Amino acid sequence: MKTKIAIVEDNSFLLRAVEEKLGFFNDIVIKWKAVNGKECLEKINEDHLIDLVLMDIEMPFLNGVDATEKIKKKYPQIKIVILTVFDNDENIFNAIKAGADGYLLKDVDPENLYKGIIDTMNGGAAMTPSIALRTLKLLRNPIDLKSIAEQEQVSLTNREAEVLEQLSNGLSYTKIADNLFLSPSTVRKHIENIYAKLQVHSKLEAIQKAKRINLI
């Protein structure tokens, strides 16, 4: 029985490379392709009789993580394997949280791509060894997971990040104002916004939390 695949990839060169890798295997059929998450959702609503999606992460209009989450809610039976050049912890964590069934890097060779697809269809999880190792580390260290989750929820403006950086160096409001060509009252307002976003009540708490979630 043939495995029906969809490929979601915005780079035409990489899309052709994936097609060529799958072309070696007669039991794999590429049913359709999409160039971003938005187009993927449109196509999957038209034709959801597929077994597995190979999903890129960084794409315009709708990224691969958000597309994965939406597909899994509506079509939980469809397997999704992330196929990306990005192997940072945040992407891995977000993809797994969104419901991805596997995570492979784009430099995977044809044999291992095929094996990953078949393993996933048989209930396993396709995973590049380096990704598997990082996933284990993430699971062993809940603090890292917590930090990544917190980091998702905190978004500072460039100016707020600058103020926070200066604050962490022990500078006074007046000195920060001088350095950044702002008034002390504007600096104070930025710091109030930082406290609110970080959900803290003191300079020390703000600096500690910002360091923990890699904002400074």
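Every letter in the sequence shown is one number past the one before it in the UniProt record's numbering, and letter 199, counting from 1, is 199. A virtual CB, placed ideally from N, CA and C, is assigned to each residue, including glycine. Being a predicted model, the structure only gives us computed values, none of them experimental.
{"query": "Whether residue 81 touches residue 126 by CB criterion (7 Å)", "result": "yes"}
{"query": "Environment of residue 48 [buried if 16+ CB atoms lie within 10 Å]", "result": "exposed"}
{"query": "Beta-carbon gap between residue 85 and residue 106 smaller than 7 Å", "result": "yes"}
{"query": "Rounded distance between the beta-carbons of residue 101 and residue 120, thought under 8 Å", "result": "5 Å"}
{"query": "Minimum length 3: unbroken beta strand (DSSP E) runs contained in the UniProt domain \"Response regulatory\" (4-121)", "result": "28-34, 52-55, 79-84 and 102-105"}
{"query": "Counted within 10 angstroms of its Cβ, other Cβ atoms place residue 37 as buried (16 or more) or exposed", "result": "buried"}
{"query": "Classification of residue 9 by the beta-carbon crowding that lies within 10 angstroms, buried from 16 upward", "result": "buried"}
{"query": "C-alpha distance - residue 83 paired with residue 199, whole-angstrom precision", "result": "36 Å"}
{"query": "6 Å CB neighbourhood of residue 182 in its chain, flanking five on each side removed", "result": "none"}
{"query": "Straight-line gap, residue 191 to residue 46 (C-alpha atoms, nearest Å)", "result": "49 Å"}
{"query": "Cβ pair count under 8 Å reaching 3, the stretch 65-79 against the stretch 26-41", "result": "yes"}
{"query": "Limits of the unbroken alpha helix (DSSP H) element including residue 207", "result": "203-212"}
{"query": "Cutoff 8 Å; reference residue 61; Cβ partners in own chain excluding five residues on either side", "result": "36, 37, 38 and 39"}
{"query": "Run of the alpha helix (DSSP H) containing residue 126, from where it starts to where it stops", "result": "Element bounds for residue 126: n/a, residue is neither H nor E."}
{"query": "Continuous alpha helix (DSSP H) stretch holding residue 179: start and end", "result": "173-180"}
{"query": "Short Cβ contact (7 Å threshold) for residue 2 with residue 113", "result": "no"}
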